[in-house]
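To start, the structure under review is shown below, and the notes come after it.
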Amino acid sequence: MELSPLIAIHLSAAASATLIGPVALWARRARLQRPRLHRAFGYAWVTLMLITAVSALFIRDFRLPNIGGYTPIHLLVPVTLAGLSGAFWALAQGNVRLHRHCMLGTYIGANVVAGAFTLLPGRHLGNLLWGGLGLL
0 MELSPLIAIH LSAAASATLI GPVALWARRA RLQRPRLHRA FGYAWVTLML
50 ITAVSALFIR DFRLPNIGGY TPIHLLVPVT LAGLSGAFWA LAQGNVRLHR
100 HCMLGTYIGA NVVAGAFTLL PGRHLGNLLW GGLGLL
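Here numbering that gives the first Met the number 0 is used: the first residue of the sequence shown is 0, the next is one more, and so on.
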């Protein structure tokens, strides 16, 4: 698999979301709360996650175990969309605690866990990383 424009968009959005997610989470949990920073980074993170999830639907891999080109990591697409939807629904209901829970869970699941899976040997980024280190 080569670094096509679609994969480059997906990778850029996912990496950016992974980097700015903690800022959005921290801005509301810090001792000195920063609601403007939280909102700005939160909306940016949500936008990047939507780009990541939608672009993932068009990235298919027929080499790994799959169904129609969709591998098990693609199960995170509906999980991500459900987490984002749940977070905004909770906020609309005034349930800040549930909003926080949905956003933190989505960040951990869609960024941290998915990021770890992409670094496994046999996946494109995993092969680049481990091969570049001479471990494959």
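We put the CB at the ideal spot given by N, CA and C, even for glycine.
Keep in mind that this is a model prediction, so the values were computed, not measured.
Proximity to residue i [Cα-Cα], best of the options
| i | options | result |
| --- | --- | --- |
| S11 | G121, A91, C101, G114 | G114 |
| A55 | R27, A86, L31, T117 | T117 |
| R96 | R27, P71, F61, V112 | R27 |
| I61 | R122, A86, M48 | The question names Ile, but residue 61 is Phe in the sequence shown. Closest option to F61, Cα to Cα, is R122. |
| L137 | L47, A91, G93 | The structure shown does not extend to residue 137, since the chain is modelled only from 0 to 135, so the question has no answer here. |
DSSP state of residue i mapped onto helix, strand, coil
| i | result |
| --- | --- |
| I8 | helix |
| I58 | coil |
Neighbourhood of residue i by C-beta, 8 angstroms cutoff - its chain only, sequence neighbours within 5 removed
| i | result |
| --- | --- |
| G82 | C101, M102, G104, T105, G108, A109 |
| T17 | N110, V111, G114 |
| L124 | L10, T117, L118 |
| P64 | T70, P71 |
Close-in-space but distant-in-sequence residues of the same chain around residue i (CB under 7 angstroms, 5 per side omitted)
| i | result |
| --- | --- |
| A23 | H37, F40, G41, W44 |
Where the alpha helix (DSSP H) containing residue i begins and where it ends
| i | result |
| --- | --- |
| A125 | According to the sequence shown, residue 125 is Gly rather than Ala. Here the alpha helix (DSSP H) through G125 covers 123-131. |
| H73 | Counting along the chain, H73 falls outside any alpha helix (DSSP H), and DSSP gives it neither H nor E. |
| A113 | 113-117 |
| L63 | Here L63 belongs to no alpha helix (DSSP H), and DSSP marks it neither H nor E. |
Do the stretch 44-64 and the stretch 76-84 meet, that is, are 3 or more Cβ pairs less than 8 angstroms apart?
yes
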